[in-house]
Structures are given as C-alpha cells and as structure tokens.
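Undergrad: Pasting a structure below so you can have a look.
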C-alpha cells in the first residue's frame, strides 16, 4: 500500500525525480530500466526492463479512447540506443478468484520505438492499429531507477570489486574515532560484528556498527585494504553500498536528530585509516580527512544519512535497506608503492545517543588516471 501510494503521488506530480544526466551513453544497458513518463501527461507511463540477449520488456500503462485503463505489453530488442517492440493488448480477463471464468483475448496493438538521449531522457514513437492512437510521438523523462543501478557508470570504470557479507567479514575491520582517549567503554557501547539482519531483512547478513555518541562527535567506520592495483597510481573511484537502518525521519534528539544528524560517508584513502591519539586535546582522531559530521572530506564523501523512508511516529519502524553512492562526486585516490589503497564506509554522528546500522554490500569501481 505504501508503494502504491508513493507511486500514485509521483505519477500525478509535475516533475520527475532529479537524477544525474552527466555522461554520454554507449548503448542500452540495465541502468535504463525503470519507469518513464512525460510530466505534461503524468497519469500514464512506461515501464522498461532490460534483460539478457539485447532484449527488453516494455509495459505501457495508458488509457483507451473511452478513458478506460489500457495495459500494453511486449518484448522487444535493442541496438545501440534504440529499442523496438511490438505491443499486445489484453481483454476478457477476470479477478484471480474468478479466473476460471475468464476467456482472455490477445490482439496486436502496434509497435513502439524508444530512443534514449541520456540517462534520464528518451523519445517514444508509436504506430498503432487503434485509431485512437494512430501514429504519434512523446518525449519521456525518467521517473525511477532500479536499486543499486547508476545508469551507465560501469562503462566509465575498468575495474570493480563487490563485497557481500553473507559468509563472513571479508577482512573488514572497524575504526572508532572522535572520542576521548580515556573513554568509558560501558557508556560508549562500541561494537562491531557480522550477523544476520533483524526481521524483515533476516535473509541478509551485514556488518553491524553500534555506538553511543557521548562526545557529540562520534565516527564509526569499516575499512579494508584493496590490493592488486598499479603502484603509485591515481585512480578515479566510485563507492556504492547498501545499508540497513530502522531510524525514521523527522524525529527530535539530543544534539540533533537520530537520523538526519548521523551522516553516512563512503570513501577511500592511500594510507590505512586509524584512530590516533591527539594531544593536548586527549582525543582519538582519524589520520585521514573524513570530514566533520555533516561535512565530507577528501577521503570520506557524504552519501546520505541514517534515515529510512518511515516518518517518526512513536512506534518502532521496520528495518529497511537503503542504497547510497558517491557517483557524481570526484574521488581521486593514489595507491601506495605496493599497489594498495583502503576502502572505507561509515557514519559521522552529531546525535548524542545510540546509533546502529548494518552495511550489507559495498562495491568499489576504479578507473586508472594516466598522466
């Protein structure tokens, strides 16, 4: 019900969700899957699902000449940036409880050609045997994309490594910083472990980070050495990841909101991130530029916060997965003399309370920057 409500609101809205449109497309790929529509005609649109074999499913949810809902379905083929598909229309069906009484009819409606100009814009042309449609054209913009897909970002990067924590920690280690050297362990409640996620996400496993921010500035992150790269070489990097959080938006907390004031950052560094003792302040501080709270740094880019999609209501919201990425932001990191750099992901909190979340997947994409 929540999805249908959100979907209806967006279809009726005058604008689509804003997304990056910054690269030239090489050809159609899975990153173009999603819903597409025209904002001047927001009550109908197309769903495109790119599949293997240079094929794609096309569903057009529109209306006939009598104002009745019309679903047009087809499987097409694509070449370059052009997708062609025959579409079928169906009639005579019944609800599932009375399906045995149905005598569905299938008939040819016509064909469509969809040409993509960018990650978020396309042109639709059609030719139909239905006189209410005839031949026509419509400009489309993107309404949604698949979770974890960033259009054609893969085309820009020569290497990618994916970490999923279903079977272990994969040598990821925790780092806790921005807290007193003599902190009391019992009140900071710092913890790191890999475990199965709470319901309803019990089908996933992840790295859990937990901590109580008694210093008004607690950083919690995981790190891993990424080797096998060219020594002393600069790479353009994108870090993508999924986190699980049960923190709603719109809540009030001490020092800041428990969701909005806990900033999530992804990044990388040449040197190993460690918490170093700093004097005379007598605090543990990171030896890299992770930024400070809501501000990012050279090694830690802001990708979002700890909120999920549920509003603060006084009742415990469910755990929910959230996809985040540094895509679109510059992250240039050099390897050391052994061809190693460090991947990192975590939180920087201004909320003076306990925060807990899971990292379920991380992906690093790298493209060598030759002089």
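In our numbering, the protein residues as written are 121 to 491. All C-beta atoms in this analysis are idealised placements derived from N, C-alpha and C, irrespective of residue type, glycine included.
#1: How many angstroms separate the CA atom of residue 450 from the CA atom of residue 357?
#2: Just the C-alpha distance for residue 474 and residue 291, rounded to the nearest angstrom, thanks.
#3: Do the CB positions of residue 245 and residue 261 come within less than 8 Å of each other?
#4: Between residue 299 and residue 478, is the Cβ-Cβ spacing less than 8 Å?
#5: Is the beta carbon of residue 287 closer than 8 Å to that of residue 481?
#6: By the three-class DSSP mapping on this structure, what secondary structure does residue 151 have?
#7: Just how far apart, CA to CA, sit residue 255 and residue 248?
#8: Quick check on residue 259: does DSSP put it in helix, strand or coil?
#9: Helix, strand or coil: how does DSSP classify residue 413 here?
#10: Tell me whether residue 436 sits in a helix, a strand or coil according to DSSP, three-state version.
#11: Straight-line CA distance for residue 456 to residue 388?
#12: If I'm right that residue 470 touches residue 411 with Cβ under 8 Å, what's the distance once you round it to whole angstroms?
#13: Can you tell me the Cβ-Cβ gap for residue 467 and residue 382, rounded? I've got them flagged as a contact below 8 Å.
#14: Based on the DSSP secondary-structure assignment, which residues constitute the bridge partners of residue 247?
#15: Can you name the residues that DSSP bridges to residue 403?
#16: Buried or exposed, going by whether 16 or more other CB atoms sit within 10 Å of the CB of residue 123?
#17: If you count every other CB in all the chains shown that lies within 10 Å of the CB of residue 141, and 16 or more means buried, which is it?
#18: Distance check for residue 426 and residue 485, CA to CA, integer angstroms please.
#19: Three or more beta-carbon pairs under 8 Å between the region 328–346 and the region 431–444, yes or no?
#20: Note down, in chain order, each residue of its chain lying with its Cβ closer than 7 Å to the Cβ of residue 212, except the 5 sequence neighbours on either side.
#21: Using CA atoms only, rank isn't needed, just tell me which of 365, 264, 293 is closest to residue 345.
#22: Measure the beta-carbon distance from residue 392 to residue 404 and round it to whole angstroms, keeping in mind my assumption that it falls under 8 Å.
TA: Concretely, from the data shown:
#1: Rounded to the nearest angstrom, the two C-alpha atoms are 8 Å apart.
#2: Residue 474 and residue 291 have their C-alpha atoms spaced approximately 25 Å apart.
#3: Between residue 245 and residue 261, the C-beta spacing is not below 8 Å.
#4: The Cβ-Cβ distance between residue 299 and residue 478 does not fall below 8 Å.
#5: For the pair residue 481 and residue 287, the CB atoms are not nearer than the 8 Å cut-off.
#6: Taken through DSSP and simplified to helix, strand or coil, residue 151 comes out as helix.
#7: Rounded to whole angstroms, the gap between the alpha carbons of residue 255 and residue 248 is 6 Å.
#8: Residue state, collapsed to three classes: strand.
#9: If DSSP states are grouped into helix, strand and coil, residue 413 belongs with coil.
#10: Residue state for residue 436 is assigned as coil, using DSSP reduced to three classes.
#11: Between residue 456 and residue 388, the C-alpha separation is close to 12 Å.
#12: With a Cβ gap of about 12 Å, residue 470 and residue 411 do not count as contacting.
#13: Correct: roughly 5 Å between the Cβ atoms.
#14: According to the DSSP secondary-structure assignment, residue 247 is paired through a beta bridge with 231, 255.
#15: Beta-bridge pairing links residue 403 to 300, 398.
#16: Below a pLDDT of 50, predicted positions are generally treated as unreliable, and residue 123, at 39, falls in that range; no measurement from the model is reported.
#17: With a pLDDT of only 43 at residue 141, under the threshold of 50, the placement of this residue in the model should not be trusted; the figure read from the coordinates follows. Around the CB of residue 141, fewer than 16 other CB atoms lie within 10 Å, so the residue is classed as exposed.
#18: Whole-angstrom Cα-Cα distance: 23 Å.
#19: No: the two stretches stay apart, fewer than three of their Cβ pairs being nearer than 8 Å.
#20: Cβ contact annotation for residue 212 (same chain, cutoff 7 Å, sequence separation greater than five): 222, 223, 224, 225, in chain order.
#21: In this structure, 293 is the residue among 365, 264, 293 with its C-alpha nearest to the C-alpha of residue 345.
#22: Not a contact, Cβ separation roughly 15 Å.
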